[in-house]
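Asks:
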Amino acid sequence: MHGLGSGFDALRTAPPVACMRCTLRDLCLPLGLMEDELDHPEIQIGKRRKLVLGQPAFRAGDPFEMIYAVRTGFLKTEMLAADGRSQVTGFQMAGEVVGLDGIGEGFHNSTAIALEDSEVCQVPFNELEALAEQEPSLRRQLHKIMSREIMRDQGVMLMLGALRAEERLIAFLLNLSERFASRGYSPVEFHLRMSREEISSYLGVKVETISRAFSYLRDVGLIAVHKKHIRLLDITALKARLATPATGKSPRF
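So the sequence shown is numbered by this note's numbering: it starts at 4 and just counts up by one.
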């Protein structure tokens, strides 16, 4: 199996990740557990694994055995489109889970690749599922994570079907802003780990269109851009451009 194999065998001797000591526990799988439940050694089933830039955590077609919580760094997921091109389907940052795509069919439908040197906590799904049968709070959290992934997929479909190019870019930047803020980072100034080609693939537009959208938002004073460094100059105005008359809310993804 690509991406795990001997690398995972070597990690069998590594100490298990103690979820109660993890700085990301409030964003990850153990969110639904009580303090006393975190003390159970059976819950500490994750294994840390380092990924270098460009290294896959798993590839499309690999047997589904693990789910992965991003501890540090940034990952992207991509699938092979009907025309043979790679289509970016998501970007995962620290505290988020990837690999759930394999639950239904028993193999991964996408490939997850590190956008920078990263570390993941890989959790054997069979063990997690068995533990969830014993721990109702963990089962609820697992269901919550699956539901969140479904909601995110629906949000992306809504965005691709209803928004113009600059609106798609605004939604993407605001989504990153919210996710960075939830981790204690600045919601208005951050560094993009992904290329414009990867952003354009994810948003379903040509890279030239994304470049023009960046330039437009800069020219009207909504963002400042220096290479991959982004500063949101007016979040309220950015959100106003996405608010729909019916709900007054921005799309979620």
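Where is the CB? At the ideal position from N, CA and C, for every residue including glycine. Note that this is a predicted model, so its numbers are computed, not measured.
Among Glu68, Ile233, Asp86, which has the Cα closest to the Cα of Phe285?
Replies: For residue 285 there is no data in the structure shown, the boundaries of the chain being 4 and 256.
Asks: Return helix, strand or coil for Leu41, following the three-state DSSP convention.
Replies: Reliability fails at Leu41, whose pLDDT of 49 lies under 50, so the model's placement of it is uncertain and the value that follows must be treated cautiously. Residue state, collapsed to three classes: helix.
Asks: So what's Val191 in DSSP terms, helix, strand or just coil?
Replies: Three-state DSSP puts Val191 in coil, outside helix and strand.
Asks: Out of Glu200, Glu119, Asp104, point me to the one whose CA is closest to Met96's CA.
Replies: Glu119
Asks: Taking Ala115 as part of the beta strand (DSSP E), name the residues at either end of that continuous run.
Replies: 114-117
Asks: Could you say which of Ala60, Gly105, Arg171, Gly87 lies nearest to Glu152 if we only look at CA atoms?
Replies: Gly105
Asks: Under 7 Å between the Cβ atoms of Glu169 and Tyr219?
Replies: Yes; because the gap between Cβ atoms is below 7 Å, this pair is in contact.
Asks: Applying the criterion that 16 or more other CB atoms from any shown protein chain within 10 Å of the CB defines a buried residue, is Thr80 buried or exposed?
Replies: Flag for Thr80 reads buried.
Asks: Name the one or two DSSP bridge partners that Pro59 has.
Replies: Ile116
Asks: So the beta strand (DSSP E) Val123 belongs to, where does it begin and stop?
Replies: 121-127
Asks: Under the rule that 16 or more other beta-carbon atoms within 10 Å means buried, what is Asp237, buried or exposed?
Replies: exposed
Asks: Considering only C-alpha positions, which residue in the set Glu122, Val228, Met197, Gly93 is nearest to Arg52?
Replies: Glu122
Asks: Quick check on His194: buried or exposed, where buried means 16 or more other Cβ atoms within 10 Å of its Cβ?
Replies: An exposed status is given to His194, since fewer than 16 other beta-carbon atoms sit within 10 Å of its beta-carbon.
Asks: Using 8 Å for Cβ pairs, my map puts Ile173 next to Leu245. What's the rounded Cβ distance?
Replies: 6 Å
Asks: Do Glu99 and Val73 have their CB atoms nearer than 7 Å?
Replies: yes
Asks: Between Ala184, Leu161, Thr114, which lies nearest to Leu62 when the distance is taken from Cα to Cα?
Replies: Here residue 62 turns out to be Arg, not Leu, going by the sequence shown. It is Thr114 whose Cα lies nearest to the Cα of Arg62.
Asks: So Leu235 packs on Ser180, CB below 8 Å; how close in whole Å?
Replies: Yes, they are in contact, since the Cβ atoms of Leu235 and Ser180 sit about 6 Å apart, within 8 Å.
Asks: Rounded to the nearest angstrom, what separates Pro127 and Leu161 at their Cα positions?
Replies: 33 Å
Asks: Taking just the CA atoms, how far does Leu177 sit from Ala243?
Replies: Cα to Cα, the separation comes out at about 11 Å.
Asks: Taking the alpha carbon of Leu131 as the point to measure from, which residue in Leu103, Arg199, Glu201 has its own alpha carbon closest?
Replies: Leu103
Asks: According to DSSP, what are the bridge partners of Phe110?
Replies: Pro66
Asks: Are there 16 or more other CB atoms within 10 angstroms of the CB of Ala165, so buried, or fewer, so exposed?
Replies: exposed
Asks: Whole angstroms is fine: what's the gap from Ser214's alpha carbon to Tyr71's?
Replies: 32 Å
Asks: Within a Cβ cutoff of 8 Å, which residues of the same chain sit near Gly57, ignoring the five residues on either side of it in sequence?
Replies: Cβ neighbours of Gly57 beyond the five flanking positions: Ile116, Ala117.
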